[in-house]
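Numbering-wise, full-length UniProt numbering puts 59 at position 59 of the sequence shown, and it's gapless, one number per residue. In this text, a Cβ means the ideal position worked out from N, Cα and C, and glycines have one as well.
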Amino acid sequence: MDKLRNVSQIEYVENKPELRNAKLLYILMSVLLITDWVMPQYFGIHIAFDFTCTRIMNMILMVYFIYNRKAGNHFVRSMLDVQITPYMVLYMFVMIYTTVLRVNINTFFLNFLDILTFFMVYYGIRYVIGVRKAINWTVKIAWFLGIYGVIEYALGFSPMIRILKTLPAVAGEVYRSGQYRISGPCVHPIAYGILMLFLLAVICIDYDRDELYLLKHPILYLLLLINIFLSGSRSPLGLAFIETILIILASSKERRKKTIIALFALILICAVLELALIETSIGRYIMMQITSIIDEIFGTEYSVNFGANISLLNMSSDYRDYLPRIFTVEWLNPLVGKGANAQVGFEFDGVFIKSIDNFYVATYIRYAYPGLLTFVLIQIMAVYYMLKTGLKHKSGLSIGVAFALIVYFIELWWVDYLQTTKYMYILLAIYAAHYSNCFQNCDKIEKHLKKGIAC
Numbered sequence: 001m002d003k004l005r006n007v008s009q010i011e012y013v014e015n016k017p018e019l020r021n022a023k024l025l026y027i028l029m030s031v032l033l034i035t036d037w038v039m040p041q042y043f044g045i046h047i048a049f050d051f052t053c054t055r056i057m058n059m060i061l062m063v064y065f066i067y068n069r070k071a072g073n074h075f076v077r078s079m080l081d082v083q084i085t086p087y088m089v090l091y092m093f094v095m096i097y098t099t100v101l102r103v104n105i106n107t108f109f110l111n112f113l114d115i116l117t118f119f120m121v122y123y124g125i126r127y128v129i130g131v132r133k134a135i136n137w138t139v140k141i142a143w144f145l146g147i148y149g150v151i152e153y154a155l156g157f158s159p160m161i162r163i164l165k166t167l168p169a170v171a172g173e174v175y176r177s178g179q180y181r182i183s184g185p186c187v188h189p190i191a192y193g194i195l196m197l198f199l200l201a202v203i204c205i206d207y208d209r210d211e212l213y214l215l216k217h218p219i220l221y222l223l224l225l226i227n228i229f230l231s232g233s234r235s236p237l238g239l240a241f242i243e244t245i246l247i248i249l250a251s252s253k254e255r256r257k258k259t260i261i262a263l264f265a266l267i268l269i270c271a272v273l274e275l276a277l278i279e280t281s282i283g284r285y286i287m288m289q290i291t292s293i294i295d296e297i298f299g300t301e302y303s304v305n306f307g308a309n310i311s312l313l314n315m316s317s318d319y320r321d322y323l324p325r326i327f328t329v330e331w332l333n334p335l336v337g338k339g340a341n342a343q344v345g346f347e348f349d350g351v352f353i354k355s356i357d358n359f360y361v362a363t364y365i366r367y368a369y370p371g372l373l374t375f376v377l378i379q380i381m382a383v384y385y386m387l388k389t390g391l392k393h394k395s396g397l398s399i400g401v402a403f404a405l406i407v408y409f410i411e412l413w414w415v416d417y418l419q420t421t422k423y424m425y426i427l428l429a430i431y432a433a434h435y436s437n438c439f440q441n442c443d444k445i446e447k448h449l450k451k452g453i454a455c
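In structure tokens, the structure reads:
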């Protein structure tokens with residue numbers, strides 16, 4: 001591992017003689033990446049704490065780094081290369097003092113383990129697996145989950161929940177208006193819709209040309225959209241359309257024309273199929289999802305014509321409208337949150353609020369304004385660095401990951417994180433590894449010389 005520190009651009013372990021003695025590390029990092037995408041949070045071992053697959057891999061890798069000190073030291077130093085590390089340090093500082101004042105160790109560990117996983121995945125992708133292979137594996141995982149989602153809907157239940165649920169996590173089979181909603185490896189159908197949003201961005205990355213192309217994997221793109229429909233999640237479906245438009249706009253002129261023509265043809269075919277299936281259960285379900293989004297935006301009630309329980313949908317929307325009023329509650333300390341496991345109730349105008357379906361409000365309750373502001377700072381700076389890199393170096397990968405994070409941060413206004421931050425950190429790791437390998441040295445030289453350098 002002596003030469004690890006000198007490696008700046010690595011694509012495959014087997015092509016680098018200096019890394020051939022790191023096959024164990026390659027295996028461990030590969031398992032971490034795959035399990036982070038695929039394995040559900042409700043599968044693992046519960047011994048006073050939930051040991052999920054990801055956390056077990058964290059422990060194994062920590063043992064590896066402790067045993068192999070050169071690799072461990074290199075891992076620690078690699079954290080300094082990540083652009084958002086200073087902001088994560090601020091966030092963890094808030095977690096530490098909240099943990100001490102609230103005497104709740106979970107407040108620290110739940111966030112620390114997520115961030116530790118991010119740095120491990122970043123290290124693994126940059127130095128061991130390679131960005132190209134990480135993207136290729138993610139595309140294969142998207143195929144697996146897309147096919148699994150269709151099978152799950154056909155079965156009418158979740159095989160993963162029934163077979164793999166070994167932890168006391170809040171996960172169960174969900175129905176809306178009599179229709180089953182698929183959840184894949186996630187704890188809730190909305191979380192699965194969020195996972196699909198992340199995968200949509202990755203499958204549109206053309207790594208060889210560092211461009212975005214919506215039709216890089218056209219059948220897979222359609223399959224993931226179908227999965228979002230089958231999850232019955234309105235907000236991810238609406239955001240999927242926004243993400244699609246953004247990807248088209250960021251594509252090259254030639255590819256943009258091809259994509260628009262193909263999309264018009266696809267829309268026409270889908271419209272004809274929908275007209276043919278309009279009286280079937282699947283046809284009405286598709287129309288219910290589309291009209292539910294229209295109802296949410298314009299305040300109409302078209303979805304009731306296709307079997308939607310409009311009173312239940314309105315109740316869900318009205319309930320969320322009360323959540324921002326929690327910022328005005330005087331008995332919450334604005335500087336010290338309640339901690340990660342805070343169980344608090346609120347009442348406004350006779351409406352009792354127990355479930356906080358808004359990540360930003362929930363973060364305020366848990367970590368007060370310092371925790372909320374530092375996390376929002378991480379969000380802003382991450383997107384800023386990605387867009388800056390994308391525009392400066394014409395990097396489609398950077399822009400694609402930025403789009404995925406933007407729609408994710410918007411989605412968090414309607415839901416709590418639902419154990420989906422790990423997907424965000426995977427995409428952050430892919431971008432960070434790509435930037436470190438391809439653009440970081442050039443930017444450092446340009447900064448030192450105070451003049452433009454062609455990269």
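Would the beta-carbon of residue i fall within 8 Å of that of residue j?
{"i": "glycine 339", "j": "arginine 102", "result": "yes"}
{"i": "leucine 332", "j": "isoleucine 365", "result": "yes"}
{"i": "cysteine 204", "j": "isoleucine 141", "result": "no"}
{"i": "leucine 32", "j": "methionine 57", "result": "yes"}
{"i": "asparagine 358", "j": "arginine 325", "result": "no"}
{"i": "serine 303", "j": "isoleucine 310", "result": "yes"}
{"i": "methionine 288", "j": "phenylalanine 306", "result": "yes"}
{"i": "glycine 172", "j": "serine 233", "result": "no"}
{"i": "valine 187", "j": "glutamine 41", "result": "yes"}
{"i": "leucine 195", "j": "lysine 258", "result": "no"}
{"i": "threonine 138", "j": "aspartate 36", "result": "no"}
{"i": "isoleucine 182", "j": "asparagine 136", "result": "no"}
{"i": "serine 30", "j": "isoleucine 129", "result": "yes"}
{"i": "leucine 212", "j": "alanine 250", "result": "yes"}
{"i": "isoleucine 430", "j": "alanine 134", "result": "yes"}
{"i": "proline 185", "j": "valine 89", "result": "no"}
{"i": "phenylalanine 327", "j": "histidine 393", "result": "no"}
{"i": "isoleucine 84", "j": "tyrosine 385", "result": "yes"}
{"i": "aspartate 416", "j": "isoleucine 356", "result": "yes"}
When DSSP builds the beta bridges, which residues end up paired with residue i?
{"i": "phenylalanine 109", "result": "Answer is none; phenylalanine 109 lacks a bridge partner."}
{"i": "glutamine 179", "result": "Arg176"}
{"i": "leucine 212", "result": "Ile205"}
{"i": "glutamate 347", "result": "Phe352"}
{"i": "residue 457", "result": "The question about residue 457 has no answer, for the chain in this structure spans 1 to 455."}
So which of the options has the shortest CA-CA distance to residue i?
{"i": "phenylalanine 43", "options": "Ala71, Thr98, Leu167", "result": "Leu167"}
{"i": "proline 218", "options": "Ile294, Ile290, Gly184, Arg255", "result": "Arg255"}
{"i": "valine 329", "options": "Leu412, Ile353, Asn341", "result": "Ile353"}
{"i": "tyrosine 367", "options": "Val38, Leu25, Ala276, Tyr91", "result": "Tyr91"}
{"i": "phenylalanine 229", "options": "Pro86, Thr117, Ser355, Ile282", "result": "Ile282"}
{"i": "aspartate 114", "options": "Ala402, Met59, Phe439", "result": "Met59"}
{"i": "threonine 98", "options": "Asn341, Leu24, Phe306", "result": "Asn341"}
{"i": "isoleucine 410", "options": "Leu387, Trp137, Gly238, Arg132", "result": "Gly238"}
{"i": "isoleucine 147", "options": "Lys70, Leu225, Pro189, Gly172", "result": "Leu225"}
{"i": "threonine 291", "options": "Ala250, Thr244, Ser235", "result": "Ser235"}
{"i": "threonine 54", "options": "Asn73, Tyr385, Lys422", "result": "Lys422"}
{"i": "tyrosine 221", "options": "Arg77, Phe144, Ile380, Lys447", "result": "Phe144"}
{"i": "tryptophan 414", "options": "Leu223, Thr389, Gly299, Leu323", "result": "Leu323"}
{"i": "valine 336", "options": "Pro189, Tyr369, Ser398", "result": "Tyr369"}
{"i": "tyrosine 360", "options": "Leu449, Leu418, Arg284, Leu266", "result": "Leu418"}
{"i": "isoleucine 242", "options": "Phe403, Thr52, Cys442, Leu61", "result": "Phe403"}
{"i": "leucine 164", "options": "Leu268, Thr52, Val76", "result": "Thr52"}
{"i": "glycine 390", "options": "Ser355, Leu412, Tyr435", "result": "Tyr435"}
{"i": "aspartate 210", "options": "Ser398, Val94, Thr300", "result": "Ser398"}
Just checking my contact of residue i with residue j at CB under 8 Å: how many whole Å lie between their CB atoms?
{"i": "alanine 271", "j": "threonine 420", "result": "Not really, about 32 Å apart at Cβ, beyond 8 Å."}
{"i": "alanine 201", "j": "glycine 400", "result": "5 Å"}
{"i": "tyrosine 408", "j": "leucine 197", "result": "6 Å"}
{"i": "tyrosine 64", "j": "leucine 28", "result": "6 Å"}
{"i": "glutamate 274", "j": "isoleucine 286", "result": "6 Å"}
{"i": "leucine 428", "j": "alanine 382", "result": "6 Å"}
{"i": "valine 170", "j": "alanine 432", "result": "So it is not a contact: roughly 31 Å between Cβ atoms."}
{"i": "alanine 71", "j": "leucine 24", "result": "At roughly 10 Å, the Cβ-Cβ gap does not stay under 8 Å, so alanine 71 and leucine 24 are not in contact."}
Validate contact between the region 170-181 and the region 372-382 using beta carbons, cut 8 Å, 3 pairs: no
Contact between the region 47-55 and the region 144-159 (3+ Cβ pairs under 8 Å): no
At least three beta-carbon pairs within less than 8 Å, the region 120-130 to the region 205-215: no
Cβ contact check for the region 156-164 and the region 99-118: 3 or more pairs under 8 Å: no
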